[in-house]
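In the working numbering, the protein residues as written are 153 to 230.
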């Protein structure tokens, strides 16, 4: 994942990947204002993930879910 230091405060994570043509792209995971986990793929493209990128995506999704749970505990909502 890239940009972890700045993005952790914003509840946003970026995972590098490739598109079908082999160009470098990013998949972004973030927490919306209503505490939903949002996955943004490269625009108009398919994201091709190798085993390492899949692990990073899994970690980003886990971190996003933890961030929503932490936010819900602070505000008393689910």
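We treat Cβ as the ideally placed atom computed from N, Cα and C, and that holds for glycine.
Worksheet item: Within this structure, are the beta carbons of residue 189 and residue 218 separated by less than 8 Å?
Response: In the chain shown, counting from the first residue as 1, residue 189 sits at position 37. In the chain shown, counting from the first residue as 1, residue 218 sits at position 66. With contacts defined by Cβ atoms closer than 8 Å, residue 189 and residue 218 do not form a contacting pair.
Task: Cutoff 6 Å; reference residue 193; Cβ partners in own chain excluding five residues on either side - done: Looking up residue 193 in the chain shown gives position 41. The beta carbon of residue 193 sits closer than 6 Å to the beta carbons of 179 and 199 from its chain, once the five residues preceding and following it are set aside; these are given in chain order.
Worksheet entry | Nearest-angstrom Cα separation, counted from residue 220 out to residue 228 | For the purposes of this step, residue 228 is taken as the residue at position 76 of the chain shown. For the purposes of this step, residue 220 is taken as the residue at position 68 of the chain shown. About 12 Å.
Starting from residue 164, follow the beta strand (DSSP E) in both directions and report where the run begins and ends. The residue you call residue 164 lines up with position 12 of the chain shown. Secondary structure note for residue 164: its beta strand (DSSP E) is the uninterrupted segment 164-170.
Relative to the C-alpha of residue 225, which candidate in 203, 182 and 187 has its C-alpha closest?
As a working mapping, residue 225 is identified with position 73 in the chain shown. Residue 187 holds the alpha-carbon nearest to the alpha-carbon of residue 225 among 203, 182 and 187.
Original post:
Using the beta-carbon count (16 or more within 10 Å), is residue 172 buried or exposed?
Top reply: On the chain shown, residue 172 is found 20 positions in, with the first residue counted as 1. Using a 10 angstroms sphere on the CB of residue 172, the tally of other CB atoms stays under 16, which defines it as exposed.
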